[in-house]
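Add 101 to a position in the sequence shown, counting from 1, and you land on the number used in this note's numbering. Backbone N, C-alpha and C fix where the C-beta goes; we use that ideal spot for every residue, glycine too. Heads up: the structure comes next, in structure tokens.
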Amino acid sequence: MADLAFVLARTPKYPDAGAVVASAKKLGIVLEPRDGGGEPQAFSIAAGGEFFVMLMPAPHPDAPRMPYGPTSPSIEEATQAPAHFVLTAMGIEGDERRRDLVMALLTACVIDHTDAVGAMLGHGVVFHRAPLFSKLAALGAQKGLLPPEIAIDVTAANEGGGRMSFLSHNMTRYGREDFFVTCPVEGKGAFDFLLMMVRWLYTDLEKVLRTGDTVGRTADEKIAIQRVPNPTGSGQTVIRLDL
Numbered sequence: 102m103a104d105l106a107f108v109l110a111r112t113p114k115y116p117d118a119g120a121v122v123a124s125a126k127k128l129g130i131v132l133e134p135r136d137g138g139g140e141p142q143a144f145s146i147a148a149g150g151e152f153f154v155m156l157m158p159a160p161h162p163d164a165p166r167m168p169y170g171p172t173s174p175s176i177e178e179a180t181q182a183p184a185h186f187v188l189t190a191m192g193i194e195g196d197e198r199r200r201d202l203v204m205a206l207l208t209a210c211v212i213d214h215t216d217a218v219g220a221m222l223g224h225g226v227v228f229h230r231a232p233l234f235s236k237l238a239a240l241g242a243q244k245g246l247l248p249p250e251i252a253i254d255v256t257a258a259n260e261g262g263g264r265m266s267f268l269s270h271n272m273t274r275y276g277r278e279d280f281f282v283t284c285p286v287e288g289k290g291a292f293d294f295l296l297m298m299v300r301w302l303y304t305d306l307e308k309v310l311r312t313g314d315t316v317g318r319t320a321d322e323k324i325a326i327q328r329v330p331n332p333t334g335s336g337q338t339v340i341r342l343d344l
């Protein structure tokens with residue numbers, strides 16, 4: 102099985118292989134560069150598998166059409182990045198949570214030795230700011246779980262009438278439901294609330310939110326739990342919370 106990631110970069114230049122190996126070691130992954138020095142840049146993973154870094158000396162073709170979220174680089178930074186990397190790992194063992202963590206750590210090793218702008222896992226919806234992605238991936242190495250801020254993507258939309266929404270993506274990859282949170286445009290705290298709910302279900306696999314029950318940011322706040330079709334028009338139903 103192949104796992105993918107993408108990195109946007111300001112310069113079309115491969116990272117130093119030795120530096121990538123050193124960074125991986127700090128994160129608990131032992132890499133061995135393959136001889137040859139050709140393309141793509143290739144590494145063997147001591148725990149099993151292979152890792153490939155392919156430089157594409159051109160802007161990412163989908164960047165102009167992709168959605169952007171609160172953790173994304175600016176549209177200008179993403180679309181004007183003159184190069185990007187396609188990262189591929191083969192043979193990583195484990196479930197999605199384990200493979201995604203390892204892939205994120207390998208991606209961080211490339212970010213740290215390139216002038217990266219943004220990064221995303223292959224199943225992602227948005228690019229995340231490269232320094233944020235690297236920092237959170239390293240935190241995941243310490244905790245053994247990829248932080249939800251980069252495991253789960255978030256997009257925003259205008260709902261009209263002075264309201265907007267935040268939608269999470271990829272929760273179903275980890276056996277959970279996505280969230281659709283609507284709120285006033287002028288309000289505060291909705292994005293943090295969404296992240297809190299995402300983190301809750303992402304980390305606590307026993308937690309169940311029942312339709313008709315309520316949740317809130319305080320003991321007095323009662324936000325009804327609804328289930329509605331995914332506003333993207335595809336996928337499973339989502340948990341709707343109206344602030």
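Name the DSSP bridge partner or partners of residue i?
i	result
Gln142	Val154
Gln327	Arg341
Met265	Asn259 and Cys284
Val131	For Val131, which the question treats as bridged, DSSP gives no partner whatsoever.
Gly170	Its beta-bridge partners do not exist; DSSP assigns none.
Assuming contact is defined by CB atoms lying nearer than 7 Å, are residue i and residue j in contact in what I supplied?
i	j	result
Leu233	Thr172	yes
Gln337	Thr273	yes
Leu310	Ile326	yes
Met265	Asn271	no
Gly317	Lys308	no
Val108	Val211	yes
Val299	Pro332	no
Report the rounded CA-to-CA distance for residue i versus residue j, giving the unit in angstroms.
i	j	result
Gly170	Ala291	14 Å
Asp321	Thr315	11 Å
Pro285	Asp196	38 Å
Asp305	Asp117	39 Å
Asp201	Phe280	21 Å
Pro165	Ser335	22 Å
Ile176	Thr112	17 Å
Ala242	Met157	28 Å
His214	Ala257	31 Å
Asp254	Gly225	7 Å
Ile340	Lys244	27 Å
Ala209	Asp163	21 Å
Met204	Met167	21 Å
Gly129	Arg328	40 Å
Thinking residue i and residue j are a contact (beta carbons under 8 Å), I'd like their distance in whole angstroms, please.
i	j	result
Gly263	Glu194	About 49 Å separates the two Cβ atoms, so there is no contact after all.
Meets three-Cβ-pair contact criterion under 8 Å: the region 180 to 197 and the region 148 to 166: yes
Three or more beta-carbon pairs under 8 Å between the region 223 to 232 and the region 135 to 144, yes or no? no
Are the region 128 to 136 and the region 211 to 230 touching by the rule of at least three beta carbon pairs closer than 8 Å? no
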